[in-house]
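Colleague: Quick one: the structure is below, and I'll ask about it shortly.
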Amino acid sequence: MKKTITTLAVIFAVCAGFTACDTDAEPLNLQPAYKYSEEYYANLRAYKDTFKERSLCFVWFSDYDQSYSMAYRFAGLPDSVDICSLWGGYPDPVKNPLAYKEMWEMRNKKGTRLVMPTIIRIMENDNFANFGLTYEDMVNQTTTIDPDGVYPDWCVLYGNHLLKDVWEYGIDGLDLDYEPESSDERNYGIYGDRMTLFVQYLGQFIGPMSPNPEKLLIVDGHTPPAETEPYLDYYVKQNYGSSSVSFTSTFPYEKQVFTENIGAYWQTGGGMEAQAAAKAPEGHFKGGFGAFFCLRDYHTSDSGADKEIPYGHLRRAIQLQNPAVTK
249 MKKTITTLAV
259 IFAVCAGFTA
269 CDTDAEPLNL
279 QPAYKYSEEY
289 YANLRAYKDT
299 FKERSLCFVW
309 FSDYDQSYSM
319 AYRFAGLPDS
329 VDICSLWGGY
339 PDPVKNPLAY
349 KEMWEMRNKK
359 GTRLVMPTII
369 RIMENDNFAN
379 FGLTYEDMVN
389 QTTTIDPDGV
399 YPDWCVLYGN
409 HLLKDVWEYG
419 IDGLDLDYEP
429 ESSDERNYGI
439 YGDRMTLFVQ
449 YLGQFIGPMS
459 PNPEKLLIVD
469 GHTPPAETEP
479 YLDYYVKQNY
489 GSSSVSFTST
499 FPYEKQVFTE
509 NIGAYWQTGG
519 GMEAQAAAKA
529 PEGHFKGGFG
539 AFFCLRDYHT
549 SDSGADKEIP
559 YGHLRRAIQL
569 QNPAVTK
């Protein structure tokens, strides 16, 4: 395995400047299409399979209903991205065949994992009604499993609704955006003990405690309750606007991923490179780094970025976190 990873790292170092491009897009920051060998892709997939053994790269990607620029295409993402959260939803194979094709090529050829993000608020906009429940049901249902091991209705119905995407689409897991903002959500929705219960329910089917550990269960946003940790693969922190990282004591270092909002800091890259370079204490490694709205980094423009390479900040952050190994 070390030989495989070393070989791949050399390839990354030599080929980092190449990426596919759309001939209709403006010439700035674009590279000509480059074809890699099957050996390259085999090594790339082998490297991706080690993501639990090292710090990874996580992105939220969206706007792939457009195709006039590689910034909006899965084929334009750096090969070293480990997990892609589908912020633009699952592309329809009929209405958006190019995005569908390139997404699955990225998954099957490059080994990039695909997860479905969802803002988990069951009280907002009466979301509970979509599952045949009433406001009173939410107020009165318990936050615990009953003596027979049965979960409350809201937990089962909403949980199965999310799991359906994993099974039907064949993707790699769920990304739960945990942002309980309203008082109703905090009192009667997915928050605190109910969040723990919800994660435990999902954790029966996906995640490290399930019979399907290859299917990822991820939480981003607010820090989830400590009791959820065994059921989660990663806690992805929205560490926006910060050039430092702060580890929470309730999750292992290896499960904590720090992300920057490139949608807001596209001109400079914000704190992404600093977060990528940050290390866990000796004997550990951090879960990784990542970017929200990563597509806005496609056309980097500040003097510190690699102007001739799309995704300049993101690529440099990848190298800062996991420097290419040369013989």
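Residues are numbered in this note's numbering as their position in the sequence shown, beginning at 1, plus a constant of 248.
Every residue gets a Cβ at the ideal spot worked out from N, C-alpha and C, and that includes glycine.
Source: prediction; values computed, not measured.
1) For V307 and G538, which I take to be in contact (beta-carbon distance under 8 Å), what is that distance rounded to the nearest angstrom?
2) At what residues does the beta strand (DSSP E) containing P365 begin and finish?
3) If I'm right that Q504 touches K534 with Cβ under 8 Å, what's the distance once you round it to whole angstroms?
4) Determine the contact status of I419 and P428, defining contact as a CB-CB distance below 8 Å.
5) Check whether the segment 371–391 touches the segment 434–454, counting contact only when three or more Cβ pairs, one atom from each stretch, lie closer than 8 Å.
6) Under a Cβ-count criterion, where at least 16 other Cβ atoms within 10 Å of its own Cβ denotes burial, should T382 be classed as buried or exposed?
7) Which residues in the same chain as D432 place their Cβ atom closer than 7 Å to its Cβ, once the five residues preceding and following it in sequence are excluded?
8) Report the rounded CA-to-CA distance for A474 versus Y316, giving the unit in angstroms.
9) Give me the Cα-Cα distance between H547 and Q515, rounded to the nearest whole angstrom.
10) For chain B, find out if any of its Cβ atoms is closer than 8 Å to the Cβ of Y284; answer yes or no.
11) With DSSP run on the structure shown, which of helix, strand or coil describes L568?
12) So what's W335 in DSSP terms, helix, strand or just coil?
13) Alpha carbon to alpha carbon, how far is K296 from Y449? Give it in angstroms, no decimals.
14) Specify, as a first and last residue, the run of the beta strand (DSSP E) that F540 falls within.
15) Would you call D394 buried or exposed, if buried means 16 or more other Cβ atoms sit within 10 Å of its Cβ?
16) Assuming N509 is part of the beta strand (DSSP E), what are its boundary residues?
17) Please report the distance separating the alpha-carbon of K283 from that of A572.
18) Just curious, the alpha helix (DSSP H) that Q523 is in, first and last residue?
19) With 16 other CB atoms within 10 Å as the buried threshold, where does D396 fall?
20) Within a Cβ cutoff of 6 Å, which residues of the same chain sit near V447, ignoring the five residues on either side of it in sequence?
21) Whole angstroms is fine: what's the gap from E286's alpha carbon to R321's?
22) Closer than 8 Å by C-beta to L568: which residues in its own chain qualify, once you throw out the five before and the five after it? Chain order, please.
23) Excluding sequence positions up to five away, which residues of its chain have a Cβ less than 6 Å from the Cβ of N277?
24) May I have the straight-line CA-CA distance separating R564 from P472, to the nearest angstrom?
25) Name, in chain order, the residues that DSSP records as bridge partners for I466.
26) Mind checking S430: buried by the 16 CB within 10 Å criterion, or exposed?
Modeller: Considering the structure as presented:
1) Translated into the one-based positions of the sequence shown, residue 307 becomes position 59. Translated into the one-based positions of the sequence shown, residue 538 becomes position 290. Indeed, because the Cβ distance is near 6 Å, the residues count as touching under 8 Å.
2) On the sequence shown, residue 365 is found 117 positions in, with the first residue counted as 1. For P365, the enclosing beta strand (DSSP E) covers residues 361–367.
3) As a first step, residue 504 is located in the sequence shown; it is residue number 256 there, counting from the start. As a first step, residue 534 is located in the sequence shown; it is residue number 286 there, counting from the start. Separation of the CB atoms of Q504 and K534 is rounded to 6 Å, and the pair is thereby assigned contact status at 8 Å.
4) What you label residue 419 is simply residue 171 of the sequence shown in a count that begins at 1. What you label residue 428 is simply residue 180 of the sequence shown in a count that begins at 1. Not in contact: I419 and P428 (Cβ atoms no closer than 8 Å).
5) Short answer: they touch.
6) In the sequence shown, counting from the first residue as 1, residue 382 sits at position 134. Exposure of T382 is indicated by the presence of fewer than 16 other C-beta atoms within 10 angstroms of its C-beta.
7) Residue mapping note: residue 432 aligns to position 184 of the sequence shown, counting from 1. If we look at D432 and ignore the five residues flanking it on each side, its Cβ neighbours are M371.
8) Here residue 474 corresponds to residue number 226 of the sequence shown, with the count starting at 1. Here residue 316 corresponds to residue number 68 of the sequence shown, with the count starting at 1. So the alpha carbons of these two residues sit roughly 44 Å apart.
9) Residue 547 sits at position 299 when you count from the first residue of the sequence shown. Residue 515 sits at position 267 when you count from the first residue of the sequence shown. Within the model, the alpha-carbon separation for H547 versus Q515 is close to 9 Å.
10) Protein chains in the displayed structure number just one, and chain B is not present.
11) Your numbering for residue 568 matches position 320 in the sequence shown. L568 falls in the helix class under three-state DSSP.
12) Your numbering for residue 335 matches position 87 in the sequence shown. Of the three classes helix, strand and coil, the one that applies to W335 here is coil, per DSSP.
13) Along the sequence shown, read from residue 1 onward, the residue named residue 449 stands at position 201. Along the sequence shown, read from residue 1 onward, the residue named residue 296 stands at position 48. Computed Cα separation, rounded: 28 Å.
14) As a working note, residue 540 is residue 292 in the sequence shown. Per DSSP, the unbroken beta strand (DSSP E) holding F540 starts and ends at 536–540.
15) As a working note, residue 394 is residue 146 in the sequence shown. Around the beta carbon of D394, fewer than 16 other beta carbons lie within 10 angstroms, which makes this residue exposed.
16) As a first step, residue 509 must be located in the sequence shown, where it is residue number 261. Counting along the chain, the unbroken beta strand (DSSP E) around N509 starts and ends at 504–509.
17) If you number the sequence shown from 1, residue 283 lands on position 35. If you number the sequence shown from 1, residue 572 lands on position 324. Taking the straight line from one Cα to the other gives about 21 Å.
18) As a working note, residue 523 is residue 275 in the sequence shown. In the DSSP annotation of this structure, the continuous segment of the alpha helix (DSSP H) that includes Q523 starts and ends at 520–525.
19) For the purposes of this step, residue 396 is identified with residue 148 of the sequence shown, where counting begins at 1. It is exposed - the Cβ of D396 has fewer than 16 other Cβ atoms within 10 Å.
20) Against the sequence shown, residue 447 aligns to sequence position 199. Non-local beta-carbon contacts of V447 in its own chain, meaning distances under 6 Å to residues more than five positions away in sequence, involve T476, Y479 in chain order.
21) Counted from its first residue, the sequence shown places residue 286 at position 38. Counted from its first residue, the sequence shown places residue 321 at position 73. Using only the alpha carbons, I get a separation of about 22 Å.
22) The sequence position of residue 568 within the sequence shown is 320, counting from 1. Annotation for L568: E521, A524, A525 place their beta carbon closer than 8 Å to its own, counting only its chain and skipping 5 residues before and after.
23) Walking along the sequence shown from the start, residue 277 turns up at place 29. The pLDDT assigned to N277 is 42, lower than 50, so where the model puts this residue is not dependable; a value taken from the coordinates is nonetheless given after this. Once the five neighbours on either side are set aside, the close Cβ partners of N277 are H547, P558.
24) As a first step, residue 564 is located in the sequence shown; it is residue number 316 there, counting from the start. As a first step, residue 472 is located in the sequence shown; it is residue number 224 there, counting from the start. Their backbone Cα atoms lie some 30 Å apart in a straight line.
25) Here residue 466 refers to the residue found at position 218 of the sequence shown. Paired residue(s): D423, Y482.
26) Position 182 of the sequence shown, counted from the first residue, corresponds to residue 430. With fewer than 16 Cβ atoms within 10 Å of its Cβ, S430 is classed as exposed.
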